[in-house]
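Presented below is the structure to which this report refers.
Residue numbers (our numbering): 13 to 375.
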């Protein structure tokens, strides 16, 4: 028996074995997969993965190590990381440490030598499930722990990743001022806004926006984040009033919340969209963009709000990937236009947002 043998036990009793690396913690979470070939550090630090066990479908992970400048948040956000082959001799000019050390420092357990192809096919067919990563192979013990833990939707993960107080990020050449509602923002969103001359003030997700002086802002960004948007709706104060007459951009979870604000609905996808190769069609132009996505919920096109218009769809399953308000300067997208990791083809959305602000200011 391998000294550090570990097991992934799903809520239906299915067991996958492998070799542990990183910390030796036992963890529970919703198990999901990502199809990106690179960008594992950015994925691990993406707040949208909070509470989840992440599986990489690409078989070789860790070959370029960890660069301290590539993280998208202050810490690793996943509960555990599952890979096929772990490279323990990374080589890259910017490598600061290997993946094993990185997970160990952050007290995150990993498991390698797993049949990730079989595991991914299982998730694709039967959907994302709660799971446990453990050194104890006893199935009954694992299932008891999973049942006692509850479902992924029972937790407010946004509260765990959002800032607790207002933070400011200044552009080198400032022209505009943006209020960013932090449901789990990635660093690159702030970088991109700064690069376009936007000073950014980041607000906690549960800030009382009834008390926000909107006159000092040119626009609002509602960030991505983890979990089911329905768990947040009762605690979000004043957001609809805040975005009524100010240019607003919603990204991923922010996009879903905008849909809810105007009477739309969201539903849970079977296994989600997670990867850097999701094709999205812009309906107006007919152009298709490769996009980075990381979400388990989507806006329903059933009983769609009359005030909103669908602007983008995901070609793989025709789910809503973008919308806009018909009468107000509000746009939103279901994908990560900031990439990190993934293609940057859709970064133009930030340019559209800036133009929306300038058009509003000129009126």
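Cβ coordinates follow ideal geometry from the N, Cα and C atoms, glycine included.
Apart from the five residues on each side of it in sequence, which residues of its chain come closer than 6 Å, Cβ to Cβ, to residue 283?
135, 136, 139, 140
Runs of alpha helix (DSSP H) lying entirely within the region 76-131, each at least 4 residues, in chain order
111-117
Given a threshold of 16 other Cβ atoms within 10 Å of its Cβ, counted over all protein chains shown, does residue 331 qualify as buried or as exposed?
buried
So does the region 93-112 actually touch the region 23-36, counting three or more Cβ pairs closer than 8 Å?
yes
Is the Cβ-Cβ distance between residue 216 and residue 249 less than 8 Å?
no
Which residues does DSSP pair with residue 142 in a beta bridge?
42
Please return the same chain residues whose Cβ sits closer than 8 Å to the Cβ of residue 311, not counting the five positions on each side in sequence.
267, 268, 271, 276, 277, 278, 331, 332, 335, 346
Does the distance from the CB of residue 132 to the CB of residue 69 come in under 8 Å?
yes
With DSSP run on the structure shown, which of helix, strand or coil describes residue 182?
coil
8 Å Cβ shell around residue 14 - same chain, five flanking residues per side excluded
With a pLDDT of only 49 at residue 14, under the threshold of 50, the placement of this residue in the model should not be trusted, and no figure is reported.
Contact check, residue 300 vs residue 327, beta carbons under 8 Å
yes
Where does residue 54 fall in DSSP's three states?
helix
When the Cα atoms are used, what is the spatial distance from residue 118 to residue 23?
26 Å
Under 8 Å between the Cβ atoms of residue 170 and residue 77?
no
Taking residue 324 and residue 294 to be in contact with their CB atoms under 8 Å, please state how far apart those CB atoms are, rounded to whole angstroms.
6 Å
Are at least three pairs of beta-carbons, each pair with one atom in the region 191-200 and one in the region 228-236, less than 8 Å apart?
yes
Counting only runs that start and end within the region 267-294, where is the beta strand (DSSP E) found for 3 or more residues in a row?
278-294
Tell me whether the region 213-227 and the region 38-57 touch, counting them as touching only if at least three CB pairs, one residue from each stretch, are closer than 8 Å.
no
With 16 other Cβ atoms within 10 Å as the buried cut-off, status of residue 307
buried
Tell me whether the beta-carbon of residue 157 lies closer than 8 Å to the beta-carbon of residue 40.
yes
Using the Cα positions of residue 58 and residue 159, report the straight-line distance between them to the nearest angstrom.
27 Å
How is the beta strand (DSSP E) around residue 336 delimited, first residue to last?
332-337
To the nearest whole angstrom, what separates the beta carbons of residue 38 and residue 144, a pair I think is in contact under 8 Å?
7 Å
Opening and closing residue of the beta strand (DSSP E) in which residue 260 lies
260-263
Contact check, residue 90 vs residue 124 under 8 Å by CB: the rounded distance?
Incorrect: roughly 15 Å between the Cβ atoms, too far for contact.
So does the region 205-214 actually touch the region 181-189, counting three or more Cβ pairs closer than 8 Å?
yes
Looking at C-alpha atoms only, which residue of 261, 297, 265 is the closest neighbour of residue 365?
261
CB-CB length for residue 100 against residue 72, believed under 8 Å:
Residue 100 to residue 72, Cβ: 11 Å. No contact.
Could you compute how far the alpha carbon of residue 161 sits from the alpha carbon of residue 363?
43 Å
Rounded C-alpha distance that separates residue 359 from residue 52
20 Å
Would DSSP call residue 28 helix, strand or coil?
strand
Burial state of residue 167 (16 or more Cβ within 10 Å):
buried
For my contact list, residue 240 and residue 181 are in at a C-beta cut-off of 8 Å; report their separation, rounded to the angstrom.
Actually they do not touch by this definition, with Cβ atoms about 28 Å apart.
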